[in-house]
Each structure stands twice: as structure tokens, then as C-alpha cells.
Amino acid sequence: MDYGKSSTGVDGFLPDSKTILIDVDGVLTDGRLTIDHRGEKPFKQFHTRDVRAIRELISVHGFEVVLVTADEWPGIHHFSRKVGAEVIMSRSKTNLPYQNFIAIGDDSWDVSMLSQAQRAFCPWDADESVKRVAGITRLETLGGHGVIAEMLREIIE
Ligand SMILES: [Mg+2]
1 MDYGKSSTGV DGFLPDSKTI LIDVDGVLTD GRLTIDHRGE KPFKQFHTRD VRAIRELISV
61 HGFEVVLVTA DEWPGIHHFS RKVGAEVIMS RSKTNLPYQN FIAIGDDSWD VSMLSQAQRA
121 FCPWDADESV KRVAGITRLE TLGGHGVIAE MLREIIE
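Counting from 1, one number per residue, gives the positions in the sequence shown under this note's numbering.
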């Protein structure tokens, strides 16, 4: 992690964001948890369009993608390796080591992160507190249904 590279540019203007922070549950997944009789969470479902979109953001467009999650579900590390993203465990999603970033989140936990973002996005079915964040772009896709692929188009076009 490079703590210095998101600082203000030479003229005092922020350079274009090259870091994308993605909340996991409710954005990459539909937010539902599958809990078995032992209390384990064996599965989370991800969308192949998001796998493709995250890889494209990194390898074609040069973004650093960071998955920000409070849930220590071990599968997230397999997913992050598959797509080439980093993972940060953060419960409050405040005091993240980035100053200049794009962010997407779906629930009240994410309001702080989204409010600090240079560009903020949410899935269509985000919590009301998130939809009310100033300047946020509410995408038309539901969480877990390829919302990162839609965000990619918004960022690139
Ligand atoms: Mg969430």
C-alpha cells in the first residue's frame, strides 16, 4: 500500500482518482448471508460481469482496486486474488489510508467513505442513508448483479 501517492498535485488540484474502493456485501453480493447449522457462512455469490469489470479496471485502465469489508469471510481472499484486487478489513470504513478515491457502497456503514470520495456510487437498492449522500451516482443495477460493470462504464465514458 502506498500512503503517499494520493496527495494533492503540484497546483493544489487533486489528480484524477486512480484508486477505487469497493464495499463487498451488498455491492459485489446481493447482501444476503447464507448461514449453515454450525453458524458458518460457506457461500457468497459474485457476478461474472463484476469479475470481468474489476480485472478491466486494473489491467486496461490502470486503477488500483481495493475491496473494503468488515466481514472476515475467508473466501474474499480467493476472490481478490482472482480479480487482482487488494483487501482492507475495516469495520467503520473511516480513516481509510486514501485521500483521493472513487468509492461504491450500499449501507449506512459506507456513508463516511462515500462522503469523502471524489466520485461516489451506489447500487440501485442501497440504503436510504446512502442514496442521500451529496453528489452520489445511484446506478441502475442491484448489488450482486454486475453493478461494478455499470460503474466501469460510468467512470470510463
Ligand atoms: Mg455493504
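Each residue gets a CB set at the ideal place from its N, CA and C atoms; glycine is no exception.
> For I88, which residues does DSSP report across the bridge?
Replying inline: V68
> For the beta strand (DSSP E) that L21 lies in, which residues bound it at each end?
Replying inline: 19-23
>> Give me the residue from E64, E40, S59 with the minimum Cα distance to I22.
In response: The shortest C-alpha to C-alpha distance from I22 to any of E64, E40, S59 is the one to E64.
> How should I156 be labelled, buried or exposed, when 16 other C-beta atoms within 10 angstroms of its C-beta is the threshold for buried?
Replying inline: exposed
>> Comparing C-alpha positions only, which one of H37, C122, E56, T48 sits nearest to D106?
In response: The shortest C-alpha to C-alpha distance from D106 to any of H37, C122, E56, T48 is the one to C122.
>> Quick check: the Cα distance between M24 and H78, rounded to an integer number of angstroms?
In response: Rather than Met, the amino acid found at residue 24 in this sequence is Val. The straight-line gap from Cα to Cα measures roughly 13 Å.
> So, is A126 buried or exposed, given that buried needs 16 or more other C-beta atoms within 10 angstroms?
Replying inline: Under this definition A126 is a buried residue.
> Which word fits T19, buried or exposed, when buried means at least 16 other C-beta atoms lie within 10 angstroms of its C-beta?
Replying inline: buried
> G84 and R55 look like a contact to me (Cβ under 8 Å); what is the Cβ gap, rounded to whole Å?
Replying inline: Contact between G84 and R55 holds, since their C-beta atoms are separated by about 6 Å, short of 8 Å.
> Exposed or buried, which one is S129 when buried takes at least 16 other CB atoms within 10 Å?
Replying inline: exposed
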